[in-house]
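To start, the structure under review is shown below, and the notes come after it.
Numbering (the working numbering), first residue to last: 63 to 598.
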């Protein structure tokens, strides 16, 4: 057994101010201090709570370091800042590797978990090397230091878990995720149905959504748990070119009456769902509501990003979500907010998260605190409607949203994208299924452009996984074989099922062997030529 004891006092505690790093000196009562700064690490049962006080300084980060000899032979699995990008994997030690939120360490027949609990008030990541373990706690406000004033910040809560000898790594991961998130929110019933994105790609209409709804309802079992039909991007009035923002109070010419559409979808036997991007709008609003651009964004847009630290912006978001619910939509999928805040996708965030030199209007809160309140605003406004967070931070969304899109987009055009993104995230985020939220690995893009022999397997795996199942079914791709498979998949997905287990996830980034209902099932994820067109 080689448990790494990080519940003991760290050997080094450092704090980064705007003008550089300061080494803190240990004082009595679990405290480390230096020139008006104090970090307290307080034991709370089997947890350690990390507090920060800095009454008159702007603080960027806290660094904790536990010095110890790390034995060889371990492999490690870390999480991601937001969605996975087909890159989650068990790996041997890599000292430059960042592991956001938590990590698992496995050797021989032992697996251990180390992390910070969900709902942290800071962005946290771990690093491990042959001489010890580091925890970096980012408490910035945007790209600048946070100004806490007289309040003390509970930045993070450290939790560890030692699996039993012989316990499978997947079982340990599930148990550890339960410790990380003591109060998960999950849907009351299994979630399944349709989403029009991966065949329509934004080109749809009122009538086409009704046609989609008819198809989905006809393929669903005759049960109380009716399928969803989600209207993705393309319905809003400001839908032009590459712009996909608000306002969210009107449909465009192809969607003249969103309330009537929701009712007609219900009349056809589906539960209506809808997509939106809450922090981007083309509407002229007070300039004081805008986030500073600060060179953060990879592409320009005719709209503006809204600053979620401002009460007026949160009220605007509340009204937008409430308006969708008032129309009759029972599932709200909100998207892009991590990019809209940081100006980077999850795989680009790395250690810096965002560019330096900008702040939110309210500089007294950390970015994590601002995002948490933004998420809570959406959840409160949604009421009984289900909420899916897409391009949202799962470790902050856990305990707030019932469903989390856990991987980057699959595809209705390119099987390789589905293979890379969908299967990887389903496997490596499966321990979070039911322990954080319901894990949405994204859709089956059922079109003529994707080989049915591969899509059929993806459909089968998702249906049997116990996770939400959404299908983007192009009408011209639905023949007798597809119809039969969809009926069966919807029947399975409509019923409560335990999570499945990827059996080869410690050796394979695209697991082929799965434990389902006590049986070992093999899937074949590759075309005869293997990975298709790796040079493009």
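Beta carbons are placed, not taken as given, at the ideal position from N, Cα and C, and that holds for glycine.
Classification of residue i by the beta-carbon crowding that lies within 10 angstroms, buried from 16 upward
{"i": "residue 157", "result": "exposed"}
{"i": "residue 392", "result": "buried"}
{"i": "residue 593", "result": "exposed"}
{"i": "residue 219", "result": "buried"}
{"i": "residue 413", "result": "exposed"}
{"i": "residue 131", "result": "exposed"}
{"i": "residue 346", "result": "exposed"}
{"i": "residue 136", "result": "buried"}
{"i": "residue 584", "result": "exposed"}
{"i": "residue 217", "result": "buried"}
{"i": "residue 527", "result": "buried"}
{"i": "residue 222", "result": "buried"}
{"i": "residue 76", "result": "buried"}
{"i": "residue 118", "result": "exposed"}
{"i": "residue 395", "result": "buried"}
Closest residue to residue i among the options (Cα-Cα distance)
{"i": "residue 226", "options": "235, 562 and 262", "result": "235"}
{"i": "residue 177", "options": "301, 165, 171 and 66", "result": "165"}
{"i": "residue 203", "options": "465, 498 and 431", "result": "431"}
{"i": "residue 339", "options": "65, 98, 437 and 595", "result": "437"}
{"i": "residue 461", "options": "455, 447, 440 and 499", "result": "499"}
{"i": "residue 283", "options": "128, 65 and 331", "result": "331"}
{"i": "residue 554", "options": "248, 252 and 237", "result": "252"}
{"i": "residue 134", "options": "153, 526 and 127", "result": "153"}
{"i": "residue 255", "options": "232, 455 and 505", "result": "505"}
{"i": "residue 160", "options": "147, 186 and 148", "result": "186"}
{"i": "residue 155", "options": "111, 192 and 148", "result": "192"}
{"i": "residue 566", "options": "540, 549, 485 and 497", "result": "485"}
{"i": "residue 581", "options": "472, 595 and 564", "result": "564"}
{"i": "residue 80", "options": "418, 275, 104 and 305", "result": "418"}
{"i": "residue 378", "options": "357, 343 and 513", "result": "343"}
{"i": "residue 403", "options": "396, 394, 467 and 416", "result": "416"}
{"i": "residue 440", "options": "468, 471 and 385", "result": "385"}
{"i": "residue 468", "options": "99, 495, 476 and 442", "result": "495"}
{"i": "residue 530", "options": "408, 448, 87 and 352", "result": "448"}
{"i": "residue 198", "options": "210, 212, 213 and 163", "result": "163"}
{"i": "residue 561", "options": "65, 497 and 540", "result": "497"}
{"i": "residue 238", "options": "266, 174, 288 and 279", "result": "174"}
{"i": "residue 303", "options": "459, 365 and 327", "result": "365"}
Spatial distance of residue i from residue j (CA atoms)
{"i": "residue 428", "j": "residue 184", "result": "7 angstroms"}
{"i": "residue 82", "j": "residue 116", "result": "15 angstroms"}
{"i": "residue 68", "j": "residue 169", "result": "18 angstroms"}
{"i": "residue 492", "j": "residue 242", "result": "15 angstroms"}
{"i": "residue 150", "j": "residue 322", "result": "42 angstroms"}
{"i": "residue 172", "j": "residue 230", "result": "8 angstroms"}
{"i": "residue 73", "j": "residue 196", "result": "10 angstroms"}
{"i": "residue 249", "j": "residue 94", "result": "43 angstroms"}
{"i": "residue 481", "j": "residue 142", "result": "18 angstroms"}
{"i": "residue 578", "j": "residue 139", "result": "23 angstroms"}
{"i": "residue 523", "j": "residue 120", "result": "49 angstroms"}
{"i": "residue 122", "j": "residue 547", "result": "53 angstroms"}
{"i": "residue 424", "j": "residue 357", "result": "20 angstroms"}
{"i": "residue 294", "j": "residue 543", "result": "26 angstroms"}
{"i": "residue 601", "j": "residue 233", "result": "Residue 601 lies beyond the range of the chain shown here (63 to 598); nothing can be said about it."}
{"i": "residue 277", "j": "residue 240", "result": "38 angstroms"}
{"i": "residue 478", "j": "residue 503", "result": "15 angstroms"}
{"i": "residue 443", "j": "residue 96", "result": "43 angstroms"}
{"i": "residue 571", "j": "residue 474", "result": "21 angstroms"}
{"i": "residue 595", "j": "residue 513", "result": "15 angstroms"}
{"i": "residue 329", "j": "residue 167", "result": "51 angstroms"}
{"i": "residue 538", "j": "residue 262", "result": "12 angstroms"}
{"i": "residue 297", "j": "residue 180", "result": "34 angstroms"}
{"i": "residue 456", "j": "residue 466", "result": "7 angstroms"}
{"i": "residue 472", "j": "residue 275", "result": "21 angstroms"}
{"i": "residue 333", "j": "residue 65", "result": "48 angstroms"}
Cβ separation of residue i and residue j, assumed to be a contact under 8 angstroms, to the nearest whole Å
{"i": "residue 613", "j": "residue 206", "result": "Outside the shown range of the chain, which is 63 to 598, sits residue 613, and nothing can be said about it."}
{"i": "residue 264", "j": "residue 292", "result": "Actually they do not touch by this definition, with Cβ atoms about 13 angstroms apart."}
{"i": "residue 399", "j": "residue 454", "result": "6 angstroms"}
{"i": "residue 247", "j": "residue 463", "result": "7 angstroms"}
{"i": "residue 281", "j": "residue 552", "result": "6 angstroms"}
{"i": "residue 556", "j": "residue 285", "result": "6 angstroms"}
Handout entry: Complete beta strand (DSSP E) runs within the region 381-458 (minimum length 3 residues, chain order)
Key = 393-396 and 448-451
Exercise for the section: Jot down the residue ranges of each uninterrupted alpha helix (DSSP H) in the region 473-537, minimum 4 residues, whole runs only, in chain order. Expected result: Whole alpha helix (DSSP H) segments, 4+ residues: 486-490 and 514-526.
Practice task
Please go through the region 332-372 and give each complete beta strand (DSSP E) segment of 3 or more residues, from N-terminal end onward.
Solution key: Listed in chain order, they are 333-338.
Exercise for the section: Any chance you could list the beta strand (DSSP E) runs of at least 3 consecutive residues sitting entirely within the region 287-329, in chain order? Expected result: Runs found: 290-293.
Exercise for the section: Mind listing, in chain order, the continuous beta strand (DSSP E) runs of no fewer than 3 residues lying wholly within the region 129-169? Expected result: 137-140 and 164-169
Problem - Any beta strand (DSSP E) of 3 or more consecutive residues that is wholly inside the region 222-277 - result: 254-257
Practice task
Scan the region 529-582 and note each continuous beta strand (DSSP E) run of 3 residues or more that stays entirely inside, going in chain order.
Solution key: Counting only runs of 3 or more, we get 531-535 and 575-578.
Practice task
Pick out the complete beta strand (DSSP E) segments inside the region 78-119, 3 residues or longer, and give them in chain order.
Solution key: 82-85, 87-89, 93-96, 99-106 and 109-115
Exercise for the section: May I have a chain-ordered list of the beta strand (DSSP E) segments no shorter than 3 residues that lie completely inside the region 171-202? Expected result: The qualifying runs are 172-178, 185-191 and 194-200.
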